[in-house]
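Residues in the sequence shown are numbered consecutively from 88, following my numbering.
The beta carbon of each residue, even a glycine, is placed where N, CA and C say it ideally should be.
Here the structure is a predicted model, which is why all the values come from computation and not from measurement.
Here is the structure we will look at, set down as structure tokens.
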Amino acid sequence: MKKLGIGIIGSGGIAQSCHMPGYASVPDECEILAVCDVDPTVAQTAADAFGVPNVFTDYHDLLAMPEIDAVSIATPNAFHKQPTIDALLAGKHVLCEKPMAMNGAECREMINAEKASGKILQIALQWRFGGAVRFMKDFIDKGHMGEIYYARSMALRRRGVPGWGVFIDKSKQGGGPLIDIGVHILDLTLHLMGNPKPVSASGMTYQKMGKNPKYFNPWGEYDREKFTVEDFAVGFIRFDNGATITLESSFMSNIEREFFGCHLFGTEAGALLDLFSGKPVTIYNEVDQQLFDMVPQNIPTVKSMHTDEVVAFVRAIRSGAPSPVPSEHGMALNSIFDALYKSAETGKEEPVEA
Ligand SMILES: NC(=O)c1ccc[n+]([C@@H]2O[C@H](COP(=O)([O-])OP(=O)(O)OC[C@H]3O[C@@H](n4cnc5c(N)ncnc54)[C@H](O)[C@@H]3O)[C@@H](O)[C@H]2O)c1
88 MKKLGIGIIG SGGIAQSCHM PGYASVPDEC EILAVCDVDP TVAQTAADAF GVPNVFTDYH
148 DLLAMPEIDA VSIATPNAFH KQPTIDALLA GKHVLCEKPM AMNGAECREM INAEKASGKI
208 LQIALQWRFG GAVRFMKDFI DKGHMGEIYY ARSMALRRRG VPGWGVFIDK SKQGGGPLID
268 IGVHILDLTL HLMGNPKPVS ASGMTYQKMG KNPKYFNPWG EYDREKFTVE DFAVGFIRFD
328 NGATITLESS FMSNIEREFF GCHLFGTEAG ALLDLFSGKP VTIYNEVDQQ LFDMVPQNIP
388 TVKSMHTDEV VAFVRAIRSG APSPVPSEHG MALNSIFDAL YKSAETGKEE PVEA
């Protein structure tokens, strides 16, 4: 089978550090033929680093290349929708960065284009490919946790406002930590719970620290006056099977340490995933009236979740398999965030229009 021709749209941080190395890791299966960035210096730097022959500043020129079979969309969130739709309708498969789009309505348009094209639309939610999450998914699917009826899901930074890119600009991001990093932790929590259908959500957002120059930020300097997103968000989400999730996400908060993980409450066992710690998984269960804390010792080692995600995309295209991370899951996440942001304004529980 011939190698897939790959194009990269948006050639900045995540493209150069994750997508391009991912494609370059399977040189017998694909080849990066073109990069595009509105900033010509960024595009040229990416092309030079990976020996890419074609460099564009307008993604339509990249999509016009018949040798390109698939593209990565690694632009800021406000520029996910249109390049994705244009790429799909040009007959290219798409790996689109997270969050899928600015809101659920944009996701719906992207899914319509996916259906019309018959091509794959995969969302870059790489945590599903991590060793701890793979282990937990298998453990859960074998029934060891019983019914998971509740989860506490957290992507909390003590001090971590990104000092680069457009992460503090609501007009280009759609929101703050909720949509940026909450998307990862909510996705992996839902993945482990079997992706139940969300029905309603209630939440609140706060902007208590991000604008204030007195707070230390080791993630790079940024213009505090241009901080237009929330710095902390909390939500309560209901699902059609009766399960619920509480979600917390911050760029800045006065907590002990950065925490990225979730507590799963199951009828047969519970689990704590503390993914940035030396003990990423602990299982809590009971046998014959005795309570046990179990720490798995041979969780699979994954060199790079991002590479595994990109390779899964390439192999799904080559084998005709469905999207390894379906667009419907990306839309459910955006639709939950829509309801949470709306609830923060109305003070009421809001329906999730997924
Ligand atoms: N999966 C992850 O863990 C992860 C990590 C970081 C970023 N991201 C996501 O990746 C996306 C990009 O983030 P980043 O950190 O690489 O940002 P970045 O600013 O480093 O790179 C984005 C690039 O897109 C370019 N661009 C903007 N509009 C464009 C357009 N219309 N056509 C072509 N290029 C365009 C910009 O010039 C910039 O170079 C965001 O959606 C972000 O949420 C995901």
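CB contact flag (residue i, residue j, <9 Å)
{"i": "VAL368", "j": "PHE222", "result": "yes"}
{"i": "PRO283", "j": "SER422", "result": "no"}
{"i": "VAL401", "j": "LEU91", "result": "yes"}
{"i": "VAL220", "j": "GLY263", "result": "no"}
{"i": "ALA431", "j": "THR333", "result": "no"}
{"i": "PHE340", "j": "ALA242", "result": "Rather than Phe, the amino acid found at residue 340 in this sequence is Ser. No; because the gap between Cβ atoms is not below 9 Å, this pair is not in contact."}
{"i": "ILE266", "j": "TRP214", "result": "no"}
{"i": "PHE338", "j": "PHE363", "result": "no"}
{"i": "THR354", "j": "MET280", "result": "no"}
{"i": "GLY297", "j": "ILE255", "result": "yes"}
{"i": "GLU396", "j": "LEU182", "result": "yes"}
{"i": "LEU212", "j": "MET197", "result": "no"}
{"i": "GLN294", "j": "ASP310", "result": "no"}
{"i": "THR394", "j": "PRO108", "result": "yes"}
{"i": "MET189", "j": "GLY94", "result": "no"}
{"i": "ARG245", "j": "GLU308", "result": "no"}
{"i": "ILE235", "j": "PHE352", "result": "yes"}
{"i": "VAL122", "j": "VAL139", "result": "yes"}
{"i": "LEU277", "j": "HIS167", "result": "no"}
Contact test: residue i Cβ vs ligand 1 heavy atom, cutoff 8 Å
{"i": "GLU234", "result": "no"}
{"i": "VAL125", "result": "yes"}
{"i": "HIS167", "result": "yes"}
{"i": "ASP375", "result": "no"}
{"i": "ALA211", "result": "yes"}
{"i": "GLU343", "result": "no"}
{"i": "TYR146", "result": "yes"}
{"i": "LYS257", "result": "no"}
{"i": "ILE404", "result": "no"}
{"i": "ASN164", "result": "yes"}
{"i": "SER98", "result": "yes"}
{"i": "GLY263", "result": "no"}
{"i": "HIS393", "result": "yes"}
{"i": "ILE386", "result": "no"}
{"i": "ASP225", "result": "no"}
{"i": "ALA161", "result": "yes"}
{"i": "VAL142", "result": "no"}
{"i": "VAL389", "result": "no"}
{"i": "PRO285", "result": "no"}
{"i": "CYS194", "result": "no"}
Alpha-carbon spacing of residue i relative to residue j, whole angstroms
{"i": "LYS202", "j": "ILE172", "result": "11 Å"}
{"i": "GLU449", "j": "GLU436", "result": "What is shown of the chain runs 88 to 441, which leaves residue 449 out entirely."}
{"i": "THR128", "j": "LEU149", "result": "17 Å"}
{"i": "PRO413", "j": "LYS301", "result": "42 Å"}
{"i": "GLY205", "j": "LEU175", "result": "8 Å"}
{"i": "SER112", "j": "ILE119", "result": "11 Å"}
{"i": "GLU87", "j": "GLN376", "result": "Here the chain covers residues 88 to 441 and nothing more, so residue 87 does not appear."}
{"i": "ASN299", "j": "PHE314", "result": "9 Å"}
{"i": "HIS180", "j": "ILE101", "result": "19 Å"}
{"i": "ASP380", "j": "ILE386", "result": "16 Å"}
{"i": "ASN328", "j": "GLU312", "result": "43 Å"}
{"i": "LYS89", "j": "ALA134", "result": "22 Å"}
{"i": "LYS229", "j": "THR433", "result": "41 Å"}
{"i": "MET392", "j": "PHE226", "result": "19 Å"}
Beta carbon proximity, residue i to chain C, threshold 9 Å
{"i": "GLU312", "result": "Note that chain C does not occur in the displayed structure, where there is just one protein chain."}
Neighbourhood of residue i by C-beta distance below 6 Å, restricted to the same chain and skipping five residues each side
{"i": "PRO249", "result": "TRP306"}
{"i": "VAL270", "result": "LYS185, PRO186, LEU420"}
{"i": "THR331", "result": "TYR237, ARG325"}
{"i": "HIS350", "result": "ARG239, LEU359"}
{"i": "ALA200", "result": "ILE172, LEU175, LEU176"}
{"i": "PHE323", "result": "SER289, THR333"}
{"i": "VAL247", "result": "One point to set straight first is that residue 247 is Gly, not Val, in the sequence displayed. Answer for GLY247: TRP306, PHE338, listed in chain order."}
Close beta carbons around residue i, own chain, < 8 Å, minus the five adjacent residues each side
{"i": "GLN131", "result": "VAL142"}
{"i": "TYR428", "result": "GLY262, LEU265, GLY290, THR292"}
{"i": "ILE404", "result": "LEU91, ASP156, ALA157, HIS180, ILE207"}
{"i": "GLY357", "result": "MET232, HIS350, LEU351, ILE370, TYR371, ASN372"}
{"i": "ALA408", "result": "ARG402"}
Residues of its chain near residue i, where Cβ-Cβ distance is below 7 Å and the 5 sequence neighbours each way are ignored
{"i": "LYS366", "result": "VAL382"}
{"i": "GLY191", "result": "MET418, ASN421, SER422, ASP425, GLU440, ALA441"}
{"i": "THR449", "result": "Outside the displayed span of the chain (88 to 441) sits residue 449, for which this structure offers no information."}
{"i": "LYS259", "result": "PRO163, ASN164, ALA165, VAL253"}
{"i": "GLN103", "result": "ALA133, ALA136"}
In chain order, each beta strand (DSSP E) run of at least 3 residues that lies wholly inside the stretch 349-423: DSSP runs (the beta strand (DSSP E)) wholly in the stretch 349-423: 356-361, 368-374, 377-381.
Segments of 4+ residues assigned as alpha helix (DSSP H) that fall wholly inside the stretch 142-203: 146-150, 168-176
Alpha helix (DSSP H) runs contained entirely in the stretch 243-291, provided each spans 4 or more residues: 257-260, 264-267, 269-279
Continuous beta strand (DSSP E) assignments of at least 3 residues falling wholly in the stretch 316-353: Within the stretch 316-353, the complete beta strand (DSSP E) segments of 3 residues or longer fall at 319-326, 331-337, 346-353, listed in chain order.
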